[in-house]
Amino acid sequence: MSRWAVEMAEALRGDGSGGADGSWRFATVNTASPLTIKAHDQVISKYLYKSASLSLQAGDEVLVYETGVAFYIIAKVVPV
Numbered sequence: 100m101s102r103w104a105v106e107m108a109e110a111l112r113g114d115g116s117g118g119a120d121g122s123w124r125f126a127t128v129n130t131a132s133p134l135t136i137k138a139h140d141q142v143i144s145k146y147l148y149k150s151a152s153l154s155l156q157a158g159d160e161v162l163v164y165e166t167g168v169a170f171y172i173i174a175k176v177v178p179v
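In terms of the numbering used here, the sequence shown is residues 100 to 179.
Here you go:
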């Protein structure tokens, strides 16, 4: 497993090893390549992580777990 995936799992588990609490956010994909998202009225382009199988396009809404400086894109979300 990649190190980023281990760090995400530890953050989600909340074992305290990272020393930082995380938070859930909704964000919008700003650009797909290179990947950038917009959250908190800021465009974020660094420390983004997602599954290789997750296909994203500009305008997609995503659920993001933010911990420290890292943003883990968990899933694409759609209104129902």
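Glycine residues also receive a C-beta, built at the ideal position from the N, C-alpha and C atoms.
The structure displayed is predicted, hence computed values, not measured ones.
Three-state class that DSSP yields for residue i in the structure shown
i	result
alanine 174	strand
alanine 157	coil
alanine 151	coil
valine 179	coil
valine 163	strand
CA-to-CA distance, residue j to residue i, given in whole angstroms
i	j	result
valine 168	valine 179	31 Å
serine 152	valine 176	15 Å
asparagine 129	isoleucine 136	5 Å
lysine 149	glutamine 141	19 Å
Where the beta strand (DSSP E) through residue i begins and ends
i	result
valine 142	141 to 143
glycine 121	121 to 131
Classification of residue i by the beta-carbon crowding that lies within 10 angstroms, buried from 16 upward
i	result
alanine 126	buried
tyrosine 146	exposed
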